[in-house]
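4 protein chains.
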Amino acid sequence: MKTIKAGLVGITGYAGMELARLLAGHPQMRLVMACSRAESGKRLGQFYPFLEGLPGSDVVISVFEAAEAARCCDVVFLAVPAGTAMEMAHDLLHAGVKVVDFSADFRLRDAATYEEWYKGTHSQRALLSQAVYGLPEIYAAEAARASLIANPGCYPSSVILGLYAALRHRLIQTDGIVVDAKSGTSGAGRKAAVPTLFCEVADTFRAYGLPGHRHTPEIEQELSLLAGQELRVSFNPHLVPMNRGILSTIYTKLADPAMTLDQVHDIFCQTWQDSPWVRVLPKGALPETRFVRGSMFCDIGLVVDSRTGRLTILAAIDNLCRGASGQALANANLMCGLPVQTGLEHLAPLA
Amino acid sequence: MKTIKAGLVGITGYAGMELARLLAGHPQMRLVMACSRAESGKRLGQFYPFLEGLPGSDVVISVFEAAEAARCCDVVFLAVPAGTAMEMAHDLLHAGVKVVDFSADFRLRDAATYEEWYKGTHSQRALLSQAVYGLPEIYAAEAARASLIANPGCYPSSVILGLYAALRHRLIQTDGIVVDAKSGTSGAGRKAAVPTLFCEVADTFRAYGLPGHRHTPEIEQELSLLAGQELRVSFNPHLVPMNRGILSTIYTKLADPAMTLDQVHDIFCQTWQDSPWVRVLPKGALPETRFVRGSMFCDIGLVVDSRTGRLTILAAIDNLCRGASGQALANANLMCGLPVQTGLEHLAPLA
Amino acid sequence: MKTIKAGLVGITGYAGMELARLLAGHPQMRLVMACSRAESGKRLGQFYPFLEGLPGSDVVISVFEAAEAARCCDVVFLAVPAGTAMEMAHDLLHAGVKVVDFSADFRLRDAATYEEWYKGTHSQRALLSQAVYGLPEIYAAEAARASLIANPGCYPSSVILGLYAALRHRLIQTDGIVVDAKSGTSGAGRKAAVPTLFCEVADTFRAYGLPGHRHTPEIEQELSLLAGQELRVSFNPHLVPMNRGILSTIYTKLADPAMTLDQVHDIFCQTWQDSPWVRVLPKGALPETRFVRGSMFCDIGLVVDSRTGRLTILAAIDNLCRGASGQALANANLMCGLPVQTGLEHLAPLA
Amino acid sequence: MKTIKAGLVGITGYAGMELARLLAGHPQMRLVMACSRAESGKRLGQFYPFLEGLPGSDVVISVFEAAEAARCCDVVFLAVPAGTAMEMAHDLLHAGVKVVDFSADFRLRDAATYEEWYKGTHSQRALLSQAVYGLPEIYAAEAARASLIANPGCYPSSVILGLYAALRHRLIQTDGIVVDAKSGTSGAGRKAAVPTLFCEVADTFRAYGLPGHRHTPEIEQELSLLAGQELRVSFNPHLVPMNRGILSTIYTKLADPAMTLDQVHDIFCQTWQDSPWVRVLPKGALPETRFVRGSMFCDIGLVVDSRTGRLTILAAIDNLCRGASGQALANANLMCGLPVQTGLEHLAPLA
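Residue numbers (the numbering used here), protein chains in the order written: chain A, 1 to 351; chain B, 1001 to 1351; chain C, 2001 to 2351; chain D, 3001 to 3351.
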């Protein structure tokens, strides 16, 4: 059984921290390179005290160089900001290394849309067509053949999985979809900033980035593909005084207002019956972020309100695991020929 | 300057605790009676350690009797469950005491609607027509003449204040309104129950009571009156791991999709210019629950999204102060001939 | 590879929840029986939504009977209150089943001490001598030969591991030890009670149970054995507004006030060099509960204050994993002939 | 009734925020100047959304100049870092303005001790003798005659009030005192920094700054004065995942081990009977930070443990109000000839 050698560029953030946790328990993939300009020279276990004594803790943090990465890694995870990842990905691919990019740089198939929402030039347009949008439930086959994965955003992962069955089976109207999304604070990243200090987040609640959060075009791209027509959503993120987790409450109008919860629930259950990570909850049950904490699960709850003709879909994920590093690892598994769930299958949620 | 004597029935909950806090600082109203069957015989300062040494702490908790209440009180606050309050209110009114009822017993003008949503018989239908729905910005004149106040629910207070300007000025379509409301956990009350234990709420997020939360008909009643037509809303509450505060994110469709944020903002500012407790935030700013903590303020933020033709209104209040006890006190002020803001005017938010 | 069949009595609490999580990822032990009088008849996955889809979720909750347990289980975990466990343990042992008891019933070697601190009669005194106090770093050999494990208390686990090296190597005076311990709220259990409601714990801090917390005699028993003389400690627990984790700050006086941090640190490192779960932090570093969350680690930080001649030892554990269910599983591994770390080795902390 | 004009230098921190809250409700003192280099030019209500619509919100933030301050203010509060305050204080005093300094610059009577612990030169040694240590329960008379107040540190306020009665009445041994102090995160200030990000503080617990926190010499100075002899304490701060509040658990040894809780409690009650802000809790009760939130109260709980001959004193305060801005305001009241409790008397804790 061959061991796959993995590199991680951008270790100082929460996604990097989470990937280090997951790789420490992976039976066939090993962290051999960890890059950060600011922390270069430290042992990883020194920087991440939780990792001490576990596989990966002895890696010495280095400054990223594509050639060196190509020398020692089979796959590299890029946990760096949008705009920074695209050049690194190019160089790594050129050197023959597989890449999983956590940023938005390769998520939007249309470079112009990227440039409009991310306010920057896309310097690697030629790579866009070969990047695979790494939501395993939809694109596992493509990911298995890919060299470059655009790892989905955290919010889009919850929204696309939440709406998938409803759009595929034309249960809902495609206009007027509203997403009210709530995320734990790790989603805001790990950089020093007053608005995410403990005392600015604890015991308070707020929306942010309205209107026009950058995950909007990514959500619309994938939902439009599912619906077979262009659609627009109103996407509205909120910040929750908790560490991890996303709950997306998705408001839709039923195509047939007479449709019952029984009918909707049956279709969702059938759609997801072979997807162990998507759990359609029993009728009447609503998801909670704690029940997916630290795992790859996406829990889906369904509400049919006959008074208003609405189907409300609630989808809960762990933003760091399913919404970032766990999903990245699933994609790397696929790219490297391993079963998608390797190293992720015994990950019982830390409720 | 006459001192008004106040009684409080139902002291063990968070609303009772908050009213005791507010009365301790009120210059003209004094707590003289506090009732609870379970805690009868204790000094109030013993039961509420935070109150020790402040006005009201020496009141000895007693079992409620209407005749005794009439003997010693000018006004009685009923912080007891729906269904329990109606008889107490009847007896107190009959004995000549003014009543502020925290429960839903007198909020719905139509007894049949009450009985449908609250699953119980309304035994005091004759009182419904004399009860005033105590939202001071709308019903101050009526409250000043009333003997019985139906103190508004916490969620409805935020939603009605949030939508008031938009409905009065016909800025929005009346169908398709969706309210995604988030409340601190004090809204769930202070009774021993597993779902509100610390470990069941901290570091998690969930919706609850979908569809069909009991505040729905109260919201619809008041919004329909404002709109001049029957309307229905989809009302969806969520539980936030924080103590206090409600943020209601209210999704509407603009009547005129070309309307700008400047125009909407101007109308909101004009509408509320003489209401010191309603603060329309500057364009681009969004409200946070901490900035209203412990106060009567309702902070309103406005978002116009031309991509989807939507006006999104965000309204933040303190669920215990504006959403319960502070508003009750404002109503008692009005009933007793005091300026509405007495004892509430120097209440700077504890940010 | 034989699969070991495990039963769990008392599933409704946090320790039961944690054991279910850990067993779901154990390669050689399987949950086959789960008992609770109150929840009897439900599938375990229905009661614990986080477990759905994982091994163990299909077990149907039943009412405990020793004979039935003996029929289907190799080992039974008793997560029931002190006083209740002793009879169950007797019956199970009599029927030939191995027992790991989470309660205090078999922790104190002296029945009189038990009866003094736990205010009840000990009906199974004969079993006390065969019970092994299950702290694997000290009693692994005894545990491997045992049929009955007294699983250590959460606080004692942190204090005994924290002080072990100092007492064994006579670095400190044995009188005047003060333990200021802080625990997450899961330590208070999962029963409906006002003092552990979210709003009674969040954004506040308090001590509880002073003086005379029941973990005191357990701590003193084991420390006295280590010191080779009777000693008394002042043990003082506090409640932290967090879910999981214990930090014990242990104040001692150096036997030789001239001893340096270097010397103390060396001795601690040597003592624990072969114990992968005990991590002595680098000099100057202090432990945090998040870095052990969900794991078996005990992180130890050392402070020498020459101004006051004190050695302060800080020990952090996860109260539910190391302090209860993970340690129970380690003990079950030992009793069943598995390596102690089976099913626990890939448990990277969820930082 | 003359209105006193107050200035505040350093508005961006939590102490500045708290002082603005308190001044908004003060009947005789008005904020007329607010200084911050970084935020200069903004209205205060724009910078502090919670203040909008309240007294003080219309002040435009300016850059500090002593001459301008002298022109418009009777008293100036300096909420700036240690080392920065001393020159400002000098210039203000020279210009005839009263000063309340929140920093440590004038707390230590001995300049050499300051320079040792604060690693900087004291440029205003001549002012040390005229500065009054502003703990009103001890130094109210001196404060009333002072022009310069050294406002006490948050931790020292809790420790000195906690130990006052025990030292004055020689109830305890003066050696071996250990303080295990726990503070909410606002105590760490409001500057952008990774260690106080929400995700680095929530759901975790840690000690910090051991050994040698800078509040140690301040505590020792005042306790030595009370005891009439030099004494040393072991002072050990911890960070709590909450916003506000300090609980200091103070471990002492009884001078007479036979002394009872009744005796100790009587002496504490007598000592504090005329101090409305110090509340000695009933025997058996322990303080909680929430019961003093937003107020000037110091709640004291007493534990006598005859097994170990110890008196443990627990003292709870609000670190921002009693531990900083409320106490500063009390001192300003005294300096300006107002009753000490003006503007603070109706401050019922926001439990």
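Glycine included, every Cβ here is placed at the ideal spot set by N, Cα and C.
Between the Cα of residue i and the Cα atoms of the options, which residue gives the shortest distance?
| i | options | result |
| --- | --- | --- |
| residue 2023 of chain C | C:2350, C:2321 and C:2182 | C:2321 |
| residue 3254 of chain D | D:3282, D:3170, D:3248 and D:3215 | D:3170 |
| residue 93 of chain A | A:112, A:148 and A:304 | A:148 |
| residue 285 of chain A | A:271, A:50 and A:301 | A:301 |
| residue 3074 of chain D | D:3007, D:3139 and D:3119 | D:3007 |
| residue 1118 of chain B | B:1191, B:1162, B:1238 and B:1213 | B:1213 |
| residue 2042 of chain C | C:2197, C:2058 and C:2032 | C:2058 |
| residue 2067 of chain C | C:2090, C:2046, C:2081 and C:2223 | C:2090 |
| residue 1163 of chain B | B:1298, B:1187 and B:1072 | B:1298 |
| residue 236 of chain A | B:1199, B:1248 and B:1196 | B:1248 |
| residue 1250 of chain B | B:1159, B:1231, B:1264 and B:1186 | B:1159 |
| residue 32 of chain A | A:15, A:13 and A:56 | A:56 |
| residue 2100 of chain C | C:2153, C:2116 and C:2111 | C:2153 |
| residue 3102 of chain D | D:3081, D:3121 and D:3338 | D:3081 |
| residue 1177 of chain B | B:1261, B:1069, B:1268 and B:1224 | B:1224 |
| residue 2231 of chain C | D:3277, D:3273 and D:3308 | D:3308 |
| residue 3116 of chain D | D:3179, D:3257 and D:3218 | D:3218 |
| residue 3051 of chain D | B:1175, B:1004 and B:1276 | B:1276 |
| residue 2046 of chain C | A:180, A:280, A:70 and A:112 | A:280 |
Any heavy atom of the ligand GDP closer than 6 Å to the beta-carbon of residue i?
| i | result |
| --- | --- |
| residue 44 of chain A | Annotation note on the ligand GDP: not contained in the displayed structure, which lists no ligands. |
Please list, in chain order, all residues of the same chain as residue i whose beta carbon is under 7 Å from its beta carbon, the five residues on each side excluded.
| i | result |
| --- | --- |
| residue 1326 of chain B | 1022, 1296 and 1344 |
| residue 3221 of chain D | 3108 and 3109 |
| residue 3143 of chain D | 3132, 3134, 3136, 3149, 3331, 3334 and 3335 |
| residue 40 of chain A | 61, 62 and 63 |
| residue 1294 of chain B | 1318, 1321, 1347, 1349 and 1350 |
Please go through the same chain and pick out, in chain order, the residues whose beta-carbon is closer than 8 Å to the beta-carbon of residue i, but skip the five residues on each side of it.
| i | result |
| --- | --- |
| residue 2018 of chain C | 2320, 2321, 2324, 2325 and 2326 |
| residue 1184 of chain B | 1240, 1242, 1243, 1244, 1245, 1246, 1289 and 1319 |
| residue 2127 of chain C | 2086, 2089, 2090, 2093, 2106 and 2148 |
| residue 1206 of chain B | 1238 and 1239 |
State the beta-bridge partners of residue i as determined by DSSP.
| i | result |
| --- | --- |
| residue 2248 of chain C | C:2181 and C:2315 |
| residue 1333 of chain B | BP columns for residue 1333 of chain B are empty, so no partner. |
| residue 107 of chain A | Answer is none; residue 107 of chain A lacks a bridge partner. |
| residue 2237 of chain C | C:2181 |
| residue 2171 of chain C | DSSP lists no partner for residue 2171 of chain C. |
| residue 1194 of chain B | Bridge partners of residue 1194 of chain B: none, in fact. |
Below 6 Å CB to CB, which residues in the same chain sit around residue i once its five sequence neighbours on both sides are set aside?
| i | result |
| --- | --- |
| residue 2329 of chain C | 2022 |
| residue 202 of chain A | 241 |
| residue 1011 of chain B | 1034 and 1036 |
| residue 2316 of chain C | 2247, 2287, 2289, 2292 and 2299 |
Beta strand (DSSP E) runs wholly inside the region 197-234 of chain A, at least 3 long, in chain order: Within the region 197-234 of chain A, there are no complete beta strand (DSSP E) runs of at least 3 residues.
Taking beta-carbon pairs under 7 Å, can you tell me which members of the region 184-211 of chain A lie near chain D? Along the region 184-211 of chain A, going in chain order, the ones with a CB nearer than 7 Å to a CB of chain D are 185, 186, 190, 192, 193, 194, 196, 197, 198, 199, 201, 202 and 203.
Scan the region 276-300 of chain A and note each continuous beta strand (DSSP E) run of 3 residues or more that stays entirely inside, going in chain order. Within the region 276-300 of chain A, the beta strand (DSSP E) runs of at least 3 residues that lie entirely inside it are, in chain order, 278-280.
Contact list for the region 228-257 of chain A against chain D, Cβ threshold 8 Å: Here the close residues are 241, 242 and 243.
Curious, which full-length alpha helix (DSSP H) runs of at least 4 residues does the region 3074-3120 of chain D contain? As far as the region 3074-3120 of chain D is concerned, its whole alpha helix (DSSP H) runs of at least 4 residues are 3085-3094 and 3111-3118.
Residues, ordered as in the chain, of the region 2040-2067 of chain C that lie near chain A by beta-carbon distance below 8 Å: Residues passing the 8 Å Cβ filter: 2046, 2048, 2049, 2050, 2051, 2052, 2053 and 2054.
Going along the region 266-290 of chain A in order, which residues come within less than 8 Å of chain B, judged by CB to CB distance? Flagged, chain order: 286, 287, 288, 289 and 290.
What are the uninterrupted segments assigned as beta strand (DSSP E) that are 3 or more residues long and contained completely in the region 2026-2080 of chain C, given in chain order? Qualifying beta strand (DSSP E) stretches, in chain order: 2029-2035 and 2075-2078.
What are the residues in the region 13-37 of chain A lying within 7 Å of chain C by C-beta distance? Those residues of the region 13-37 of chain A that come within reach of chain C (Cβ to Cβ, closer than 7 Å) are 17, 21, 24 and 25.
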